Every structure is written in structure tokens, then in C-alpha cells.
Ligand code: SF4
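Residue numbers (the numbering used here): 55 to 210.
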């Protein structure tokens with residue numbers, strides 16, 4: 055039971071909230087979706103977990119930086135990548151989404167001391183890669199809005 059609960063919390067925070075945040079989903083809409091979709095949707099779980107931690111909707115009230123990550127972190131912390139059509143080291147869209155997120159929100163986040171290194175790395179990212187990051191964001195946003203699946207062939 056504990057393991058199931060930890061796995062539920064991990065997917066809510068590390069996977070679904072991460073993906074939603076990287077795609078600029080409205081935090082309130084995401085929290086409302088969790089209320090419907092998860093069996094452990096209690097107010098003490100969903101509201102702080104999604105609004106406070108998962109989406110950074112409360113700013114630095116609960117955590118010191120947005121809880122976002124690229125594919126390497128998901129690959130390290132879970133076994134999802136081994137069964138995925140994407141490869142976390144080559145064509146996975148999560149890492150470009152991560153960089154596109156940092157680029158879009160640079161004005162608000164670049165002074166956060168815990169994001170100093172990621173912003174140094176973003177600065178070194180070539181214009182071509184940054185363009186692909188943004189294109190990946192647009193492809194996944196459009197697919198999400200249309201409720202369409204995304205495959206490796208759709209990647210820029
Ligand atoms: S390879 Fe698949 S499971 Fe792994 S981070 Fe990318 S999309 Fe997610």
C-alpha cells in the first residue's frame with residue numbers, strides 16, 4: 055500500500071505535473087483534473103502537491119524552484135523509459151520541452167539561485183537547438199489540445 059502510494063505521488067509530481075508545467079498547462083486546471091483522475095485525491099494531497107510543488111503556482115512559498123526536469127532525470131528515477139517509443143538520450147521530447155520552458159520563463163526565473171547552472175547551460179545552447187526546443191513545445195501543445203498522440207516521427 056505504501057509503495058503504491060509513493061508511486062502515485064511520484065507519477066503525479068515527477069511525471070504528470072512536470073509534463074503539464076513544461077507545457078504551460080494552467081495549474082488550477084491540472085489540479086482539478088487530478089481531483090477527478092486519482093483515487094487518493096484528498097485536499098491535503100492534491101492542492102499542496104500539484105499547486106505548491108508540481109507546478110510552482112505558489113512561487114517560493116513551498117519550494118525554491120519549479121519542479122521540472124528533462125528525460126535524464128525521469129530515466130534515472132523510474133523504469134518508464136525502457137518501455138517507451140522514445141529514447142531518453144536521443145529523440146525524447148521531454149528534454150527539449152525543459153529547455154523551451156526555461157527559455158520562455160527566463161525573465162521570471164533567471165534570478166533564482168537554484169536555476170543559475172541551468173541558465174548557464176541554456177545560454178550555451180545553439181540557436182538551432184533552441185529553435186527545435188520551441189518547435190517541440192508547439193508540436194506537443196497542439197497534440198495535447200487536439201488529444202492526439204505524439205510519436206518519434208513527429209519530432210522536429
Ligand atoms: S523516453 Fe519516454 S518515458 Fe522516458 S522521459 Fe521520454 S517520453 Fe518519458
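Note that beta-carbon positions come from the ideal geometry of N, C-alpha and C, so glycine has one too.
Everything numeric in this text was worked out from a predicted model, so none of it was measured.
Item, Value
"Endpoints, the alpha helix (DSSP H) within which residue 83 is located", "81-91"
"With 16 other Cβ atoms within 10 Å as the buried cut-off, status of residue 108", "buried"
"C-beta atoms of residue 84 and residue 121 nearer than 8 Å", "no"
"Run of the alpha helix (DSSP H) containing residue 131, from where it starts to where it stops", "125-131"
"Under 8 Å between C-beta atoms of residue 209 and residue 129", "no"
"N-terminal and C-terminal residue of the alpha helix (DSSP H) that residue 175 is part of", "170-178"
"Straight-line gap, residue 152 to residue 133 (C-alpha atoms, nearest Å)", "20 Å"
"Member of 200, 203, 88 and 194 whose CA lies at the smallest distance from the CA of residue 148", "194"
"Proximity to residue 191 [Cα-Cα], best of 139, 176, 74 and 170", "74"
"Distance cut-off 7 Å: residue 142 Cβ against heavy atoms of the ligand SF4", "yes"
"Option in 143, 81, 90 and 70 with minimal Cα separation from residue 113", "81"
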